[in-house]
């Protein structure tokens, strides 16, 4: 196979997929802060800009950073099988979201928004700690 | 957000019918403008070939941490060509396929893996710790977003806030702006971090 003359191919041994992981710290900070703040603000009945702008903003910003980190890490780890890895990830994610849509409204009704969002923030933190052994 | 306004001033039926129409339009657009791009690569894929990269690593690790294969280095390219992965030369004369022909469901691409195997294969990857970790984080990450959007109306229509339908819809604007900012910052942030760490390690990522 002939390479075009402008291609200087570089194989970088010193770059590792693990370098994608530190971004998960921002996911942990933003998203779990957002959930805890939302839970507390809905309990304290703060004026609407607090939950809407601050908390929703933090959650979404963090989630965006987190998903980007996860996706780039998987692509770096499994270049060959990235498609299949995403198929598996999406399948299980959709399964979970589908289940979630059945119980989340009842959950908030039963336990209140504060407990619900505190739990979510806690799960976020706990799950992100799995990053450390990676 | 627009749906909220339509529901407020029209009815939810109009909003849902509009969405149905939009999805149908998308389906038609996908059919016509997203051609099948599956292609059996006969030539060695240098970017992702696992075996090749490992061969190269073993050969050159002693000389330096960073490998640079350029076209000038005949030896390296020779080695790439003679590695067990490269079976044959790429076909030289490829006939361009007409647009109408691309619309056919069958494009002549033959995948030698059975359908059942294709369906099951993703789940073997769950055994990989990297993918398992990614599944757990990705699942919770996206599901919280889904959960938040499901509970928005429940929380903001309730007594302390008493938002109208338009108000609840407008809360999505906050999510939208934050996601937009997140998307903008995430790429440069990750790449910047990686290239800095790689430099510290003596590498050359993204120079």
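Chains as they are written, first to last, in my numbering: chain V, 216 to 349; chain H, 390 to 596. Ideal Cβ positions, reconstructed from N, Cα and C, are used throughout, including at glycine. Quick caveat: nothing in here was measured; it's all calculated off a predicted structure.
(message) Rounded to whole angstroms, what is the Cα-Cα separation between residue 272 of chain V and residue 246 of chain V?
(response) 9 Å
(message) Considering Cα atoms alone, identify which of H:492, H:408, H:566 and H:559 is closest to residue 274 of chain V.
(response) H:566
(message) Can you give me the C-alpha to C-alpha distance between residue 335 of chain V and residue 569 of chain H, rounded to a whole angstrom?
(response) 23 Å
(request) Would you mind telling me which residues of chain C sit closer than 8 Å to residue 520 of chain H, beta carbon to beta carbon, in chain order? (result) Chain labels in this structure do not include chain C; the protein chains are V and H.
(message) Just verifying my parser: in three-state terms, what is the DSSP assignment at residue 308 of chain V?
(response) helix
(request) Give a yes or no on whether the minimum CB-CB distance between residue 252 of chain V and chain H is below 9 Å. (result) no
(request) For residue 404 of chain H, name the three-state secondary structure that DSSP assigns. (result) helix
(message) Cβ closer than 8 Å: which chain H residues qualify as neighbours of residue 271 of chain V?
(response) 537, 560, 563, 564 and 567
(message) Does residue 378 of chain H come out as helix, strand or coil in the three-state DSSP assignment?
(response) A question about residue 378 of chain H goes unanswered here, because the residues of chain H that appear run from 390 up to 596.
(request) Would you kindly work out how many angstroms separate the C-alpha atoms of residue 422 of chain H and residue 489 of chain H, rounded to a whole number? (result) 11 Å
(message) Would residue 267 of chain V and residue 239 of chain V qualify as a contact pair, given that the criterion is a beta-carbon distance under 9 Å?
(response) no
(request) Express the C-alpha separation of residue 337 of chain V and residue 233 of chain V in angstroms, rounding to a whole number. (result) 24 Å
(request) Closer than 7 Å by beta-carbon distance: list the chain V residues that pair up with residue 570 of chain H, in chain order. (result) 276
(request) Give the DSSP-derived three-state secondary structure of residue 597 of chain H in the structure shown. (result) Because chain H in this structure spans residues 390 to 596, residue 597 of chain H falls outside the shown range and cannot be described.
(request) Could you name the residues of the same chain whose beta carbon sits closer than 6 Å to that of residue 346 of chain V, not counting the 5 residues immediately before and after it, in chain order? (result) 236 and 239
(request) Can you grab the Cα-Cα spacing for the pair residue 551 of chain H / residue 519 of chain H, in whole Å? (result) 44 Å
(message) Would residue 263 of chain V and residue 545 of chain H qualify as a contact pair, given that the criterion is a beta-carbon distance under 9 Å?
(response) yes
(request) Could you tell me whether the Cβ atoms of residue 339 of chain V and residue 280 of chain V are closer together than 9 Å? (result) no
(request) Put residue 561 of chain H into one of helix, strand or coil per three-state DSSP. (result) helix
(message) On the CB-based measure, 16 or more other CB atoms within 10 Å of its CB, does residue 259 of chain V come out buried or exposed?
(response) exposed
(request) Please confirm if residue 337 of chain V has its CB atom under 9 Å from at least one CB of chain H. (result) no
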